[in-house]
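> Chains as they are written, first to last, in the numbering used here: chain A, 456 to 696; chain B, 456 to 696.
Ideal Cβ placement from N, Cα and C applies to all residues, glycine included.
2 protein chains.
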Amino acid sequence: MTIQDDTPNDANGNRAADNVVRALSESIYSGELPVGAPIPSEREIVEKFQISRTVAREAVSILSSKGLIDARPRYRPVVRQPDLDAALGVMGGLVQHMLSRPGGVKQLFDTRIFVETGLVRAAATDATKDDISNLRAALEANGECLDDSNRFFETDVAFHGALYMIPGNPVFPAIHRSFSDWLGGQWGMMPRKPDRNRRNHDAHQAIFKAILSRDPDEAEAELVSHLQDAWAQVADTFDGV
Amino acid sequence: MTIQDDTPNDANGNRAADNVVRALSESIYSGELPVGAPIPSEREIVEKFQISRTVAREAVSILSSKGLIDARPRYRPVVRQPDLDAALGVMGGLVQHMLSRPGGVKQLFDTRIFVETGLVRAAATDATKDDISNLRAALEANGECLDDSNRFFETDVAFHGALYMIPGNPVFPAIHRSFSDWLGGQWGMMPRKPDRNRRNHDAHQAIFKAILSRDPDEAEAELVSHLQDAWAQVADTFDGV
DNA sequence: TGCTCTTTTTGGTATGACTAAAAACAAAAT
DNA sequence: ATTTTGTTTTTAGTCATACCAAAAAGAGCA
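1. Measure the C-alpha to C-alpha separation of V560/B and W686/B and round it to an integer number of angstroms.
2. What does the alpha-carbon distance come out to for the pair A466/A and A592/B?
3. What residues from chain A crowd round R470/B, counting only those whose CB sits closer than 7 Å?
4. Of the choices N655/A, V570/A, R477/A and E595/A, whose alpha-carbon is the least far from that of M620/A?
5. Taking the alpha-carbon of A578/B as reference, which of F614/B, S604/B, R606/B and N597/B has the nearest alpha-carbon?
6. Beta-carbon within less than 8 Å of T580/A's beta-carbon, same chain only, minus the 5 sequence neighbours each way: which residues are those?
7. To the nearest angstrom, report how far apart V534/B and L590/A are at their CA atoms.
8. Just verifying my parser: in three-state terms, what is the DSSP assignment at V490/A?
9. What does the Cβ neighbour count give for K521/A, buried or exposed, with the cut at 16 atoms within 10 Å?
10. Any Cβ of chain B within less than 8 Å of the Cβ of T583/A?
11. Looking at the structure shown, is I500/B part of a helix, part of a strand, or coil, going by DSSP?
12. Say yes only if the C-beta of R535/B is nearer than 7 Å to one or more non-hydrogen atoms of the ligand COA, and no if none qualify.
13. To the nearest whole angstrom, what separates the beta carbons of A472/A and I517/A, a pair I think is in contact under 8 Å?
14. Please compile the residues from chain A whose C-beta is within a distance smaller than 7 Å of the C-beta of D586/B.
15. So S516/A contacts chain B; which residues on that side make the cut at Cβ distance below 9 Å?
16. Quick check on E481/A: buried or exposed, where buried means 16 or more other Cβ atoms within 10 Å of its Cβ?
17. Compare the C-beta of D636/A with all C-beta atoms of chain B and state if any pair is closer than 8 Å.
18. For K664/A, which option in E487/A, R632/A, L594/A and F504/A has the closest C-alpha, if you only look at C-alpha atoms?
19. I need the DSSP call for I524/A, collapsed to helix, strand or coil.
20. To the nearest angstrom, how far is the alpha carbon of F504/B from that of A514/B?
21. Measuring only between beta-carbons, confirm whether Q565/A sits less than 8 Å from chain B.
22. Report the residue from I666/A, I587/A, R498/A and K648/A whose alpha carbon sits nearest the alpha carbon of N605/A.
23. So which residues on chain B does T610/A lean against when the C-beta distance must stay under 9 Å?
24. Straight-line CA distance for I483/A to G491/A?
25. Just grab the DSSP bridge partners of V534/B for me.
26. Flag G573/B as yes if its beta-carbon sits less than 8 Å from any beta-carbon of chain A, otherwise no.
27. How long is the line joining the alpha carbons of V689/B and L523/A, rounded to whole angstroms?
28. For T566/A, count the other beta carbons within 10 Å of its own beta carbon; 16 or more makes it buried, fewer makes it exposed. Which is it?
29. Identify whether A674/A lies in helix, strand or coil by the three-state DSSP scheme.
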């Protein structure tokens, strides 16, 4: 199985747009085109690179798909801040792919367990007072809507999201939002009952307690138990996927 | 001929190509267009959806950027297997973004430490005999080129790569390849000396030993120590980035 | 200064044409 | 009959032009 052939997109014969893409990319990375600034209009690009508007449009399209610019329809594309949102969009594509593979849903969920395992361990050892109070607030908010499944779902996501904030690394919030988007779509429409809410909230409390007592092993155990239980609740929905 | 009854875009902000993209996406996800099959030619798309070739091309371009199809220049685009390669391309984009942020390199490296921490812990608890022998082979290959820095770098990457294989989840090899691509570009051209190779190899051995003795805490400690040391070796190269 | 109203610019789309490469086909040679 | 070679058709890539509608910019007025 050859897994070596092409990197991002270009393998062999360069498209005419590739040169334009490279030049504009450098302008962006070098800061010549600062964040938020509109990129040259398509007609200016035509003029500058001596290519047709077709190619100019394709170049803009590629820049957009790479996340370097923000192109709303009918607006001048602007240089995008390479931040969480960009990463989010990219991760969203990954999630989409995972969901379309056989077993992809399970693999994606396992990945989530893997990530959050590391997060709760890190939380147990490194969480600051602020982190703790954020977690506590999220937990309490979660406990206050055991009877409102929609709000419970939101606060559930928020509680897990608080874990992703702890390392202070913007990669993690981006990952969380990708997972959340997926969950919001696939999970949100699932039948949820108050007793399940209570069970999940209890699990959240156990995780929080373990973090509070600075016990990474316990936190990990509770987290894994919680997520495996959550998976079991919906596994049959994704049978064979 | 003036076209009067066209549907430019349905009030919202949707491009005309979006409908085509949606329809083709469904054909792909439903299996109507199986993996490896060529998608309809641009002119067939024009015919089918009653749109101009411009729009058809844009739709194909979007599908390509989403990774649903594999579009080499001048070849008929084929439905892409939504697998590691797709994920790789996506992750590559994420890495690109991280590298262009202030502090992004460090954050990316921290993410790597986070991931590999989880991996060695999992290895220490779950590794099978096969996993162990793979690790051992990678370690030995690594130890045999202490004096050949290029080959040492390759086997170094391979050793870490063996860790990413252990969970049996294709997400991890994809992540590893993304990191490796980055390392191959940024790291590979760094001055490397035999004494550093030895130090890194010793660290690899320590990690392997901890995995062998089924001690996740020790494995984590050795891994973190190893990677932090590796970071220190090159941190000044990325000062302020 | 603040507001409307026009003018210009710009992105989105349509159409037609041309080129080089790939694919499909046919014919010839073994 | 099978392989090789040559020819035709199809197709992606590109270019040029044109039109429309929306956005941005400017002009005019209050």
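So, from the data block:
1. Counting from one through the second sequence, the residue named residue 560/B turns up at place 105. Counting from one through the second sequence, the residue named residue 686/B turns up at place 231. Going by the C-alpha atoms only, they are around 10 Å apart.
2. Mapped onto the first sequence, residue 466/A falls at position 11. Mapped onto the second sequence, residue 592/B falls at position 137. The predicted position of A466/A is uncertain, since its pLDDT is 33 and thus under 50; a value taken from the coordinates is nonetheless stated next. Spanning the two alpha carbons is a distance of roughly 32 Å.
3. Residue 470/B sits at position 15 when you count from the first residue of the second sequence. Those are P528, listed as they occur along chain A.
4. To locate residue 620/A, count along the first sequence from 1; it is residue 165. Considering only alpha carbons, the answer is V570/A.
5. Here residue 578/B refers to the residue found at position 123 of the second sequence. Per the Cα distances, F614/B.
6. The residue you call residue 580/A lines up with position 125 of the first sequence. For T580/A, where only same-chain residues beyond five positions count, the Cβ hits under 8 Å are R669 and P671.
7. Looking up residue 534/B in the second sequence gives position 79. Looking up residue 590/A in the first sequence gives position 135. Approximately 44 Å, taken between the alpha carbons.
8. As a working note, residue 490/A is residue 35 in the first sequence. It is coil, neither helix nor strand.
9. Taking the first sequence and counting its residues from 1, the one referred to as residue 521/A is at position 66. Buried, because 16 or more other Cβ atoms sit within 10 Å of the Cβ of K521/A.
10. Within the first sequence, numbered from 1, the residue matching residue 583/A stands at position 128. Judged by the 8 Å Cβ criterion, T583/A is not in contact with chain B.
11. Reading the second sequence from its first residue, position 45 is the one you call residue 500/B. Here I500/B sits in helix by DSSP.
12. As for the ligand COA, it is missing from this structure, which has no ligand bound.
13. Position 17 of the first sequence holds residue 472/A. Position 62 of the first sequence holds residue 517/A. Rounded, the Cβ-Cβ distance is 6 Å, consistent with contact.
14. Here residue 586/B refers to the residue found at position 131 when the second sequence is read from its first residue. Correct list: empty, because the minimum Cβ distance to chain A is about 16 Å.
15. In the first sequence, counting from the first residue as 1, residue 516/A sits at position 61. Neighbours of S516/A on chain B, chain order: E513, S516, I517 and S520.
16. Counting from 1 along the first sequence, the entry for residue 481/A is found at position 26. Its Cβ having fewer than 16 others within 10 Å, E481/A is exposed.
17. Taking the first sequence and counting its residues from 1, the one referred to as residue 636/A is at position 181. No - not a single Cβ of chain B is within 8 Å of the one on D636/A.
18. By one-based count along the first sequence, residue 664/A stands at place 209. The shortest Cα separation from K664/A among E487/A, R632/A, L594/A and F504/A belongs to L594/A.
19. Stepping through the first sequence from its first residue, residue 524/A is reached at position 69. Three-state DSSP puts I524/A in a strand.
20. In the second sequence, the residue the question calls residue 504/B occupies position 49. In the second sequence, the residue the question calls residue 514/B occupies position 59. The alpha-carbon atoms of F504/B and A514/B are separated by roughly 11 Å.
21. In the first sequence, residue 565/A corresponds to position 110, counting from 1. What sits at residue 565/A in the sequence shown is Asp, not Gln. Cβ-Cβ to chain B under 8 Å: yes for D565/A.
22. Taking the first residue of the first sequence as 1, we reach residue 605/A at position 150. Comparing Cα positions, the closest option is K648/A.
23. Mapped onto the first sequence, residue 610/A falls at position 155. Chain B residues near T610/A: none, gap ~26 Å exceeds 9 Å.
24. Indexing the first sequence from 1 puts residue 483/A at position 28. Indexing the first sequence from 1 puts residue 491/A at position 36. Using only the alpha carbons, I get a separation of about 10 Å.
25. Walking along the second sequence from the start, residue 534/B turns up at place 79. Answer is I524/B, bridged to V534/B.
26. In the second sequence, residue 573/B corresponds to position 118, counting from 1. So, interface residue.
27. Here residue 689/B refers to the residue found at position 234 of the second sequence. Here residue 523/A refers to the residue found at position 68 of the first sequence. Cα to Cα, the separation comes out at about 27 Å.
28. If you number the first sequence from 1, residue 566/A lands on position 111. Buried is the call here.
29. Here the question's residue 674/A lines up with position 219 in the first sequence. Helix.
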